[in-house]
Structure formats: C-alpha cells, structure tokens
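Numbering (the numbering used here), first residue to last: 5 to 269.
See below for the structure under consideration.
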C-alpha cells in the first residue's frame, strides 16, 4: 500500500502510526525501514545487480571473501557473520540493508542530491508479521528465545550455510536478522538486514503477495528538501551515519550543494 504524504508532520504520523504496544504500555514499533531516493526503485539486492548468472556467483564471492579477509574481521566464524560483514563492506550479497530508525530511513530517501527531483519512498515492513511465514525450525528458535528477531548467532544454531537455508522450505521466505555490532557505522545506523531463502527471489514480489506485512510511504519531490534540511538540523547526517573522513566529506559536499531553484529570479 502506498501512502503519499504532504507535510513533515504527516510523514512523522505515518511512520510512527501503529507503534503503540498494549502488552507493555510503550511505543515500540515492529517495523523495519528502508529509504530509497526514487520511489520507482525495486528492492533488488547488490547480488542481483551483478546481472547474468549472479546466483551461481554467490558461493564464489563469499568463499573468496572469507579466504582473503583477515580472520579477525568477524566476531565468530559463522556464515551469517561473514555474510553480514561482506554486505557491510560492499561485497554483492543477497542481503538488503534496513534500519529500526524512521529518521535514518528518511536520510537515505533524501540524501541523494542527484535524485532530488524524484519522489522518494520509505518501505515499512512489519518483521513480526513477516516471521509468521518462517519454516518450523526458525519459528521454534524465535519462540524458544522469546524474540521477535533472529540474530546471526541464533540463525547459526539452525542452519550453517546458504544451501541449507534454501532447503528449509519449498517456497521463498524472508528473515530479518540483526548483525553483530561490527563497527560504529552499523551501530549508528541502527541496522538490520533482510535475507531471502532464494537469491533470485525479489522481496518486492514476496511482500506484494503478503500485503498485510508492509506499506510504502512516498515522499513527494517537492517535500524532499524540507525533510533534508530538518534532518540535518537533527544531526541525521553522513557525518554521523558514516563515521570517518569519507562520511564527513559526503556530508559537507551535500550540505553546501545548492537547492533546486537557488539563485533564480
């Protein structure tokens, strides 16, 4: 379902609606958020964007990443820690990046100044609803841990490899899992990942076949610059989300870029 907002206030209301939890008497959302600078973009993984027979390359990519990376780059030697680390450092994988923070999703929907004249979008996916469709062994570990999310360590107790994961069920399923706190970037971005049981399955299509699990909040192009400026004032910037000189340079470049219409009569 697409919801087109018309103001900063409505954007907040839509992002936080339904977050009240009667059981604990607190505002605790079960949504994962992903912001995209263009509402027409699909939820394609970096592995898919390789093109060709990308699914046949997945094992080669991960095997060589593990072979050449320093052994101390992961907290424990499991496929899921390696997969999260590889995604985090730019290797094409079947993972997609998400965040628990609506503000960080807003950042990624508005930070690309090359797409400022396109409508942006924030995907909001209810990971509790998604996890109802998990195969038995994964549902069991969630119930055993009284948890709504799977960690890399929990996942490793059930399956040790991607082929083993793919074989758990005939139909594709989606896992939202929390990576280890590899560095400040993952911590600051309040990050989690989605993982599909089939590298060729598009998350868009899975969600569309389960419409009660998600919504899309569209940020019209004319609203983007206001959202961007207010996020900057709230310190939701590249300088914070990408700690280091690269993030600082990206923030300053965008911060001093002229807005559309600047200098016009």
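Cβ atoms here follow ideal geometry from the backbone N, Cα and C, with glycine treated the same way.
Exercise for review: Measure the C-alpha to C-alpha separation of residue 15 and residue 253 and round it to an integer number of angstroms.
Suggested key: 28 Å
Which stretch, first to last residue, makes up the beta strand (DSSP E) that contains residue 37?
35-40
- Query: Where do the ends of the beta strand (DSSP E) carrying residue 254 lie?
  - Reply: Note, residue 254: premise wrong, no beta strand (DSSP E); alpha helix (DSSP H) at 249-259.
Of all the options 209, 118, 95 and 250, which has the alpha carbon lying nearest to the alpha carbon of residue 228? 118
DSSP has residue 182 in a bridge; who is on the other side? 155
**Prompt:** Can you tell me the Cα-Cα spacing of residue 218 and residue 63, whole angstroms?
**Reply:** 30 Å
For this session: Leaving aside the five residues before and after residue 65 along the sequence, list all residues of the same chain whose C-beta is less than 7 Å from its C-beta, in chain order.
Result: 95 and 96
Original post:
Helix or strand or just coil, what does DSSP make of residue 267?
Top reply: Because the pLDDT at residue 267 is just 48, under 50, the model does not fix this residue reliably, and the point stays unresolved.
Could you tell me the boundaries of the alpha helix (DSSP H) in which residue 145 lies? 140-149
Inset, instruction - Identify the continuous alpha helix (DSSP H) that holds residue 234 and give its terminal residues. - result: 225-237
* State whether the segment 39-48 contacts the segment 133-142, with contact taken as three or more CB pairs (one from each stretch) at a distance under 8 Å. => no
**Item:** Sub-8 Å separation of residue 159 and residue 180 beta-carbons
**Value:** no
ask   = Is the beta carbon of residue 83 sitting closer than 8 Å to the one on residue 138?
value = no
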